[in-house]
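A.B. asks:
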Amino acid sequence: KGHGYSAAPVEPVSIENWAADIAELLDSLNVQNGVLVGHSMGCRVALASALRRPERVDAVALVDGSRFAGVNGASAYNDALASVEAAGGWPVLVHHLFNQMFTEKAPASLRQRVIDRALAIPEAVGRAGFASMVAWDVQQLDSTLRSFVRPLMVIQSTYVNEERNRVSIGKDESTPWLDHVRQRYSSAVIEIVPDSGHFLQIESADVVDAHLQCLLDQVA
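Numbering (the numbering used here) for the sequence shown: 1 to 220.
(1) Which partner residues does residue 159 have in the DSSP bridge list?
(2) For residue 8 and residue 1, I'd like the C-alpha separation in whole angstroms.
(3) For a quick check, are the C-beta atoms of residue 87 and residue 135 less than 8 Å apart?
(4) Tell me which same chain residues have a C-beta within less than 7 Å of the C-beta of residue 195, skipping the five on either side of it?
(5) Give the secondary structure of residue 38 by DSSP, where H, G and I count as helix, E and B as strand, and everything else as coil.
(6) Check whether the Cβ atoms of residue 128 and residue 13 sit closer than 8 Å, and answer yes or no.
(7) Would you mind reading off the limits of the beta strand (DSSP E) that contains residue 58?
(8) From the DSSP output, which residues share a beta bridge with residue 153?
(9) Could you check whether the stretch 130-145 touches the stretch 57-70, counting it as contact only if at least three pairs of C-beta atoms, one from each stretch, sit closer than 8 Å?
(10) Specify, as a first and last residue, the run of the alpha helix (DSSP H) that residue 176 falls within.
(11) What does the Cβ neighbour count give for residue 187, buried or exposed, with the cut at 16 atoms within 10 Å?
Okay, structure coming up:
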């Protein structure tokens, strides 16, 4: 809710409420043996949704996920909102974050289209979604990974370095996020997609599709 053509939600914007929406959708469609795929912030929603409906979800794939670390659990939400203002406001932050999400091989038209789409999200939804994402990482991620019992695939192409810049990763590299997943869910399958930006499902669609097909074959 609050993205694309959907109306802004009446209930508070949060990872858990988005997960509840997905769970209700799985119920309404009577989905059996589902595989959930989350990209970026959607990785949190996919994981939280799978925990809500484990009987309907056979596997989860996380595409270029991340983890916000180094923030206080109790104040994570408010601290994240304050960081938006410190960055110069929501539109400035969106431009800063999304401009780093593409490699040079991505056409300028794609970059602009994605930025325009991000800016089209109601600002209240964007701010609350960002803050909820940070808070969920601090308060819910670890317990969710430890409670997860289904096949988990992590498809990764970038990470945010210590200078807070998003960079592509090499085939044999790891990241703090990938190490974090390995430590808490040792059976996770990690697939690196090198030389690609954050939107690897667009820049390297064939590679991502092949990895997802492997996951589907595993649970078929």
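All C-beta atoms in this analysis are idealised placements derived from N, C-alpha and C, irrespective of residue type, glycine included.
C.D. replies: If we stick to the structure as given:
(1) 167
(2) 6 Å
(3) no
(4) 103 and 168
(5) strand
(6) yes
(7) 57-63
(8) 61 and 189
(9) yes
(10) 176-184
(11) exposed
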